[in-house]
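Below is one structure, written out as structure tokens; the observations come after it.
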Amino acid sequence: MIRHLLSAGDLSLDDATLVLDTAEEMARLTEGRSVKKLPTLRGRTVVNLFFEDSTRTRTSFELAAKRLSADVVNFSAKGSSLSKGESLKDTALTLEAMGADGVVVRHSASGAPYRLATSGWINACVLNAGDGTHEHPTQALLDAFTMRRHLGELSGKRIVIVGDVLHSRVARSNVALLATLGAKVTLVAPPTLLPTGVERWPCDVSYDLDAALSGADAVMMLRVQRERMNAAFFPSAREYSRRYGLDSRRQALMPAEALVLHPGPMNRGMEITAEVADSDRSVIVEQVTNGVYVRMAVLYLMLAGTTEEAA
Ligand code: NCD
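Under my numbering, the residue at position 249 of the sequence shown is numbered 294, and the numbers go up by one with no gaps.
Given below as structure tokens:
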């Protein structure tokens, strides 16, 4: 298993399969039990280092670490007046002095987790919980886990990812992981919301959502990331929804068993209607539950066995 989880692209097929199978085991060990705690990471310290807002990812990592009996420290670096490089280094040195074994980091700067992992400032394992517009590997793993539970092995499955690909670390990580797992990915987005170089990504690109939906096994809607937009990328919210939003009419174009995913937080009424988000095809709430199992798996695989006394 890799030492740091920085990019979904760093995971081999064997690594990814091991994480997904271990997550399945974590689900089996905790689902339906009144006591959900396992002793596996007793004595280990996991630090959640969040330089950017988060609801589900931070609480999901926190719950995952606690269910494995690790000690968890939440470190919110928001509002620091230090420049980013300095604050990251100072924070890293502090965490090292505290004896952190795993550092879960979210940062608005793409590459911040790499800096932390390769700087020599800390010995802890670094887990990327979302860096700028770059990557969000545990989100891709929980998405794959959720799809695999419904669809079986993902090799050959057709996954359509729709919306603000340009600003989406979720899309980048998903394209990389799904390619490793052998799925066929189609991105659908307005041309203004596709990154340059997308033609070299291991996926297809389409501008016709209706056509892409008809052959999909799963459709993943992306949040329109207004906070990362410094210009007008589309004429109006209404126009965006009309062309790239998932509503009931479009949902009817999907095969009967096809799934609807969204990483959250949703802009209900923009990229997805409330009706679709709450429909029986939607696995959006399951994604949140599965996120805990996947993060338990990742923390277990990376942190257990890092010293001899680990179980
Ligand atoms: C995503 C993120 O932060 O990148 N959310 C999440 O982790 N659940 C997607 C988003 O913010 O749109």
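Note that the Cβ used here is the ideal one computed from N, Cα and C, for glycine as well. Remember, predicted model here, so these are calculated numbers, not experimental data.
N- and C-terminal bounds of the beta strand (DSSP E) containing residue i
i	result
Lys229	Lys229 to Val233
Phe96	Element bounds for Phe96: n/a, residue is neither H nor E.
Ala174	Cys170 to Asp176
Asn119	Asp116 to Ser121
Arg295	Element bounds for Arg295: not the beta strand (DSSP E) but the alpha helix (DSSP H), Ser293 to Gln296.
Val150	Gly147 to His152
Separation of residue j from residue i, as counted between CA atoms
i	j	result
Leu291	Arg103	27 Å
Thr75	Pro280	47 Å
Asn173	Tyr345	15 Å
Val264	Leu258	7 Å
Leu127	Glu320	Its pLDDT being 44, under 50, Leu127 is placed unreliably in this model, and the value from its coordinates should be taken loosely. Cα-Cα distance, rounded: 44 Å.
Val80	Leu254	45 Å
Ser132	Thr183	25 Å
Ser200	Thr225	9 Å
Leu304	Lys82	31 Å
Asn335	Ala72	8 Å
Leu65	Ser218	15 Å
Ile47	Arg78	31 Å
Ala282	Met315	7 Å
Arg294	Thr318	11 Å
Ala109	Val337	5 Å
Arg273	Leu50	24 Å
Glu244	Val205	16 Å
Gly165	Gly350	21 Å
Gly309	Gly197	23 Å
Ala185	Val215	6 Å
Asn312	Ser105	21 Å
Enclosing alpha helix (DSSP H) for residue i [first to last residue]
i	result
Gly358	One cannot answer for residue 358 here, as it falls past the ends of the chain, which runs 46 to 356.
Met265	Segment Ala263 to Met266 is the beta strand (DSSP E) holding Met265; no alpha helix (DSSP H) there.
Phe279	It is not in any alpha helix (DSSP H) - Phe279 carries neither H nor E in the DSSP assignment.
Leu306	That residue, Leu306, is in no alpha helix (DSSP H); its beta strand (DSSP E) goes Leu304 to Leu306.
Ser251	Unbroken run through Ser251 is the beta strand (DSSP E), Asp249 to Ser251; no alpha helix (DSSP H).
Val207	Not the alpha helix (DSSP H): Val207 falls in the beta strand (DSSP E), residues Arg203 to Val207.
His195	Pro182 to Leu196
Pro158	Ala157 to Thr163
heavy atom of ligand 1 below 7 Å from residue i C-beta
i	result
Pro308	yes
Arg268	yes
Val215	yes
Arg101	yes
Gly175	yes
His181	yes
Gln184	yes
Cβ-based neighbour list, residue i, same chain, cut-off 6 Å, excluding 5 preceding and 5 following
i	result
Arg203	Lys229, Gly260, Ala261 and Asp262
Gln270	Asp209 and His212
Ala221	Ala53 and Gly54
Lys92	According to the sequence as given, residue 92 is Val; it is not Lys. The answer, listed in chain order, is Val118, Phe120, Leu140, Ala145 and Val148.
Ala68	Phe190, Tyr338, Val339 and Ala342
Phe278	Thr237 and Leu238
Ser251	Thr231, Val233 and Ala257
Contacting residues, own chain, Cβ-Cβ under 7 Å from residue i (five flanking each side not counted)
i	result
Arg326	Gln296, Ala303, Leu304 and Val305
Lys111	Val117
Ala162	His49, Leu51 and Val171
Same chain only: Cβ atoms within 8 Å of residue i, ignoring 5 sequence neighbours per side
i	result
Ala169	Val92, Leu140, Glu141, Ala145, Asp146, Gly147 and Val148
Glu97	Lys123, Arg151, His152, Ser153 and Gly175
Taking contact to mean at least 3 C-beta pairs separated by less than 8 Å, is the stretch 108 to 115 in contact with the stretch 51 to 66?
no
Evaluate the contact criterion for the stretch 281 to 289 versus the stretch 320 to 338: three or more CB pairs, one atom per stretch, below 8 Å.
no
At least 3 beta-carbon pairs within less than 8 Å: the stretch 152 to 163 vs the stretch 185 to 193:
no
Counting Cβ pairs closer than 8 Å, one from the stretch 81 to 95 and one from the stretch 144 to 151, do we hit at least three?
yes
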